[in-house]
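Everything in the sequence shown is counted per the UniProt record's numbering, starting at 1 for the first residue and increasing by one. Ideal Cβ placement from N, Cα and C applies to all residues, glycine included. Everything below concerns the one structure shown next.
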Amino acid sequence: MSAMIEDWCLSDKSKKQYCLEHGLLASILVDKYVDYLPLYRQKQRFARENIQIASSTIDGWTKEALEETVLFDYSPTPGQLAPLSIPGTFKGYLQTDGYVVFEKYGHSKDITHLACSAHARREFEKSLDNDRPRAEKALTLIQKSYP
(Lines of atoms letter the chains of each structure in order from A and count residues from 1; the text may use other names and numbers.)
(Lines give C-alpha, C1' and ligand atoms only; values in the text may rest on other atoms or scores of the structure.)
Protein backbone atom coordinates (compact mmCIF):
# COMPACT_ATOMS: atom_id res chain seq x y z
CA MET A 1 0.00 0.00 0.00
CA SER A 2 1.25 3.45 -0.85
CA ALA A 3 2.45 5.53 2.08
CA MET A 4 0.40 8.42 0.73
CA ILE A 5 -2.89 6.53 0.94
CA GLU A 6 -4.37 5.86 4.33
CA ASP A 7 -6.87 3.12 5.11
CA TRP A 8 -10.50 4.19 5.26
CA CYS A 9 -12.16 2.59 8.27
CA LEU A 10 -15.73 2.29 9.47
CA SER A 11 -17.58 0.28 12.06
CA ASP A 12 -20.67 -1.78 11.42
CA LYS A 13 -23.58 -2.28 13.82
CA SER A 14 -21.68 -5.00 15.69
CA LYS A 15 -18.85 -2.48 16.25
CA LYS A 16 -16.45 -4.53 14.14
CA GLN A 17 -14.11 -2.22 12.33
CA TYR A 18 -13.46 -2.68 8.64
CA CYS A 19 -10.65 -0.92 6.83
CA LEU A 20 -10.17 -0.76 3.12
CA GLU A 21 -7.67 0.99 0.92
CA HIS A 22 -8.91 4.17 -0.78
CA GLY A 23 -8.24 2.69 -4.20
CA LEU A 24 -10.62 -0.21 -3.58
CA LEU A 25 -13.34 2.11 -2.33
CA ALA A 26 -12.81 4.44 -5.31
CA SER A 27 -13.03 1.46 -7.66
CA ILE A 28 -16.32 0.31 -6.10
CA LEU A 29 -17.80 3.82 -6.38
CA VAL A 30 -16.61 4.37 -9.97
CA ASP A 31 -17.90 0.95 -10.99
CA LYS A 32 -21.30 1.75 -9.48
CA TYR A 33 -21.82 5.40 -10.42
CA VAL A 34 -19.77 5.86 -13.60
CA ASP A 35 -19.85 2.40 -15.18
CA TYR A 36 -23.33 1.52 -13.79
CA LEU A 37 -22.18 -1.81 -12.35
CA PRO A 38 -24.57 -2.63 -9.50
CA LEU A 39 -23.14 -3.60 -6.13
CA TYR A 40 -24.58 -7.13 -6.32
CA ARG A 41 -22.62 -7.71 -9.56
CA GLN A 42 -19.47 -6.30 -7.99
CA LYS A 43 -20.04 -8.69 -5.11
CA GLN A 44 -20.27 -11.57 -7.61
CA ARG A 45 -17.00 -10.44 -9.19
CA PHE A 46 -15.29 -10.42 -5.78
CA ALA A 47 -16.71 -13.91 -5.08
CA ARG A 48 -15.09 -15.24 -8.28
CA GLU A 49 -11.78 -14.17 -6.73
CA ASN A 50 -12.77 -15.97 -3.50
CA ILE A 51 -13.38 -12.67 -1.69
CA GLN A 52 -16.61 -12.85 0.26
CA ILE A 53 -18.20 -9.49 1.06
CA ALA A 54 -21.64 -9.32 2.64
CA SER A 55 -24.19 -7.18 0.82
CA SER A 56 -24.70 -5.14 3.97
CA THR A 57 -20.95 -4.47 4.13
CA ILE A 58 -20.50 -3.23 0.57
CA ASP A 59 -23.76 -1.25 0.86
CA GLY A 60 -22.48 0.29 4.09
CA TRP A 61 -19.14 1.23 2.55
CA THR A 62 -20.94 2.96 -0.31
CA LYS A 63 -23.41 4.78 1.91
CA GLU A 64 -20.80 6.00 4.38
CA ALA A 65 -18.37 7.04 1.66
CA LEU A 66 -21.01 9.27 0.10
CA GLU A 67 -22.20 10.96 3.29
CA GLU A 68 -19.64 13.75 2.96
CA THR A 69 -19.13 13.78 -0.77
CA VAL A 70 -17.79 16.88 -2.45
CA LEU A 71 -18.55 17.43 -6.12
CA PHE A 72 -16.26 19.74 -8.05
CA ASP A 73 -17.85 20.66 -11.36
CA TYR A 74 -15.80 23.19 -13.31
CA SER A 75 -17.27 25.08 -16.22
CA PRO A 76 -14.91 27.07 -18.46
CA THR A 77 -17.70 29.41 -19.53
CA PRO A 78 -19.31 31.99 -17.26
CA GLY A 79 -23.01 31.86 -16.77
CA GLN A 80 -25.75 30.24 -14.82
CA LEU A 81 -26.02 27.07 -16.90
CA ALA A 82 -23.22 25.15 -15.19
CA PRO A 83 -24.92 24.76 -11.78
CA LEU A 84 -28.14 23.80 -13.54
CA SER A 85 -26.45 20.54 -14.50
CA ILE A 86 -26.56 19.59 -10.81
CA PRO A 87 -29.53 17.27 -10.16
CA GLY A 88 -32.72 18.94 -8.96
CA THR A 89 -32.64 16.86 -5.78
CA PHE A 90 -29.35 18.45 -4.70
CA LYS A 91 -29.27 19.63 -1.09
CA GLY A 92 -26.19 21.14 0.48
CA TYR A 93 -23.58 23.78 -0.11
CA LEU A 94 -22.91 25.34 -3.51
CA GLN A 95 -19.81 27.48 -3.89
CA THR A 96 -19.52 29.71 -6.93
CA ASP A 97 -17.52 32.73 -7.94
CA GLY A 98 -18.95 36.20 -7.41
CA TYR A 99 -20.72 36.38 -10.77
CA VAL A 100 -24.14 37.95 -10.12
CA VAL A 101 -26.16 35.25 -11.93
CA PHE A 102 -25.37 32.79 -9.13
CA GLU A 103 -27.11 34.84 -6.42
CA LYS A 104 -30.45 33.12 -7.10
CA TYR A 105 -29.10 29.87 -5.66
CA GLY A 106 -28.98 31.52 -2.25
CA HIS A 107 -32.78 31.73 -2.25
CA SER A 108 -33.30 27.96 -2.30
CA LYS A 109 -34.25 26.39 1.03
CA ASP A 110 -32.16 23.28 0.27
CA ILE A 111 -29.03 25.03 -1.00
CA THR A 112 -26.67 27.19 1.00
CA HIS A 113 -24.87 29.41 -1.48
CA LEU A 114 -21.24 30.03 -0.60
CA ALA A 115 -19.51 32.81 -2.44
CA CYS A 116 -15.89 32.49 -3.42
CA SER A 117 -13.60 34.10 -0.87
CA ALA A 118 -10.71 34.58 -3.31
CA HIS A 119 -11.76 38.14 -4.11
CA ALA A 120 -12.02 39.11 -0.44
CA ARG A 121 -8.75 37.35 0.32
CA ARG A 122 -6.93 39.42 -2.31
CA GLU A 123 -8.11 42.64 -0.69
CA PHE A 124 -6.82 41.52 2.72
CA GLU A 125 -3.49 40.60 1.14
CA LYS A 126 -3.29 44.11 -0.31
CA SER A 127 -3.98 45.62 3.11
CA LEU A 128 -1.11 43.77 4.85
CA ASP A 129 1.09 46.87 4.47
CA ASN A 130 -1.55 49.18 5.97
CA ASP A 131 -2.96 47.13 8.87
CA ARG A 132 -1.02 43.89 9.25
CA PRO A 133 -2.65 42.55 12.48
CA ARG A 134 -6.23 42.79 11.21
CA ALA A 135 -5.35 41.65 7.70
CA GLU A 136 -3.50 38.60 9.08
CA LYS A 137 -6.46 37.75 11.32
CA ALA A 138 -8.81 37.85 8.33
CA LEU A 139 -6.44 35.79 6.20
CA THR A 140 -6.14 33.21 8.99
CA LEU A 141 -9.93 32.91 9.24
CA ILE A 142 -10.25 32.49 5.49
CA GLN A 143 -7.53 29.82 5.52
CA LYS A 144 -9.37 27.89 8.26
CA SER A 145 -12.41 27.63 6.00
CA TYR A 146 -10.40 25.41 3.64
CA PRO A 147 -9.78 22.04 5.36
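**OP:** In the DSSP assignment, find the unbroken alpha helix (DSSP H) run with residue 66 in it and report its ends.
**Re:** Here the alpha helix (DSSP H) through residue 66 covers 55–66.
Original post:
Given residue 32, which residues of its chain have a CB within under 8 Å of its CB, disregarding the five upstream and five downstream residues?
Top reply: For residue 32, where only same-chain residues beyond five positions count, the Cβ hits under 8 Å are 38, 39, 42 and 62.
Original post:
Could you give the distance in angstroms between the alpha-carbon of residue 49 and the alpha-carbon of residue 94?
Top reply: Spanning the two alpha carbons is a distance of roughly 41 Å.
Original post:
Cβ of residue 134 within 7 Å of any heavy atom in the ligand ADP?
Top reply: Inclusion of the ligand ADP in the displayed structure is not the case, the ligand content being empty and no account of it being possible.
Subject >> 6 Å Cβ shell around residue 111 - same chain, five flanking residues per side excluded >> reply: So the qualifying residues of the chain are 94 and 105.
Original post:
How should residue 28 be labelled, buried or exposed, when 16 other C-beta atoms within 10 angstroms of its C-beta is the threshold for buried?
Top reply: By the neighbour-count rule (16 or more Cβ atoms within 10 Å), residue 28 is buried.
Original post:
Roughly how many angstroms lie between the CA atoms of residue 23 and residue 141, to the nearest whole one?
Top reply: When only Cα atoms are considered, residue 23 and residue 141 end up about 33 Å apart.
Original post:
Are residue 115 and residue 98 close, meaning C-beta to C-beta below 8 Å?
Top reply: Closer than 8 Å, so yes.
**OP:** Could you name the residues of the same chain whose beta carbon sits closer than 7 Å to that of residue 121, not counting the 5 residues immediately before and after it, in chain order?
**Re:** So the qualifying residues of the chain are 139 and 142.
Subject >> Delimiting residues of the beta strand (DSSP E) encompassing residue 111 >> reply: It spans 111–115 - the beta strand (DSSP E) in which residue 111 sits, taken as one unbroken run.
Subject >> Alpha-carbon to alpha-carbon, residue 102 and residue 117 >> reply: Going by the C-alpha atoms only, they are around 14 Å apart.
Original post:
Between the C-alpha atoms of residue 145 and residue 47, what's the straight-line distance to the nearest angstrom?
Top reply: Roughly 43 Å between the two C-alpha positions.
Subject >> DSSP three-state assignment for residue 69, whether helix, strand or coil >> reply: Coil at residue 69, not helix or strand.
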